[in-house]
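Here's the structure, in structure tokens; my notes come after.
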Amino acid sequence: MRSVLREKSRDFFEILRYDRRDWMMFWDRYISENHEFMSGYCRALDLDREAVRAHLYAYERRYLDGLMAENETIKSIKARTAKDLSALQEQLKLKQADFTVYMVGALGLREFIAYPGARGFVVLMDIITLKKHDRLMQMPERTVACIQQIRKIIDSSEGGVVWVSKE
Numbered sequence: 220m221r222s223v224l225r226e227k228s229r230d231f232f233e234i235l236r237y238d239r240r241d242w243m244m245f246w247d248r249y250i251s252e253n254h255e256f257m258s259g260y261c262r263a264l265d266l267d268r269e270a271v272r273a274h275l276y277a278y279e280r281r282y283l284d285g286l287m288a289e290n291e292t293i294k295s296i297k298a299r300t301a302k303d304l305s306a307l308q309e310q311l312k313l314k315q316a317d318f319t320v321y322m323v324g325a326l327g328l329r330e331f332i333a334y335p336g337a338r339g340f341v342v343l344m345d346i347i348t349l350k351k352h353d354r355l356m357q358m359p360e361r362t363v364a365c366i367q368q369i370r371k372i373i374d375s376s377e378g379g380v381v382w383v384s385k386e
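Per the working numbering, residue 220 is the first one in the sequence shown, and the count goes up by one each step.
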């Protein structure tokens, strides 16, 4: 079975190498270099450039530093998430390879966003939102619940819709 879970959250923390005034320049590079999975993010949330700027600059460097450190310590939770998905491979029809879940750092607006991509559904799990709502420890359960919802959408006649979690 292929892994449907891709760990990409570390890429976001490259923002800390930038001076705060250059964070939009980082964001542009981040979206460009991760086009495969980030290309539909702003569109799915109906964000224009000024909205992105406002959300990005609402972060404080100290908060992102702490989250980056915590991101390195939650490897066991990420591994459990992958294990839980594998245990449900038949129910979730993982062999169909019609979606991929990317663990990302983003603007902290929604836990999960899913939209049709070039190679099936792209599902983004924003670890910043999970942290903001104190749900990092619930990542496995929340991811399984999200994928169950995405599976229903893919299998229904609504297969081409964008789906955004409530939080």
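Backbone N, C-alpha and C define an ideal beta-carbon position, used for all residues, glycine too.
Same chain, Cβ closer than 7 Å to residue i, five either side skipped, listed in chain order
i, result
"Met220", "For Met220, the predicted model reports a pLDDT of 46, less than 50, meaning its position is unreliable and no value from the coordinates is stated."
"Val223", "Leu304, Leu313, Phe318, Thr319 and Val320"
"Trp242", "Ile234, Leu275 and Tyr276"
Buried versus exposed call for residue i [16 or more other C-beta atoms within 10 Å across all chains shown]
i, result
"Asp345", "buried"
"Arg262", "exposed"
"Ser375", "exposed"
"Glu330", "buried"
"Thr300", "buried"
"Met244", "exposed"
"Lys371", "exposed"
"Ser295", "exposed"
"Arg281", "exposed"
Cross-strand partners of residue i (DSSP beta bridge)
i, result
"Gly336", "Gly339"
"Arg225", "Tyr321"
"Asp345", "Val323"
"Trp242", "DSSP lists no partner for Trp242."
"Phe331", "Met344"
"Val381", "Answer is none; Val381 lacks a bridge partner."
Other residues of its chain near residue i: CB distance less than 6 Å, five sequence neighbours each side excluded
i, result
"Ile391", "One cannot answer for residue 391 here, as it falls past the ends of the chain, which runs 220 to 386."
"Ile326", "The displayed chain sequence assigns Leu, not Ile, to residue 326. Taken in chain order, the residues that qualify are His274."
"Glu226", "Met322"
"Lys351", "Gly327"
Beta-carbon contacts of residue i that lie in its chain and below 8 Å, excluding the five residues immediately before and after
i, result
"Val342", "Phe318, Thr319, Val320, Tyr321, Phe331, Ile332, Ala333, Cys365, Ile366 and Ile369"
Q) Any chance the region 331-345 sits against the region 253-272, with 3 or more Cβ pairs inside 8 Å? A) yes
Q. Is there contact between the region 268-278 and the region 234-244, where contact requires at least three CB pairs shorter than 8 Å?
A. yes
Q) Which ranges does the alpha helix (DSSP H) cover as unbroken runs of at least 4 residues, wholly within the region 259-311, from first to last along the chain? A) 260-263, 268-276, 280-292 and 294-306
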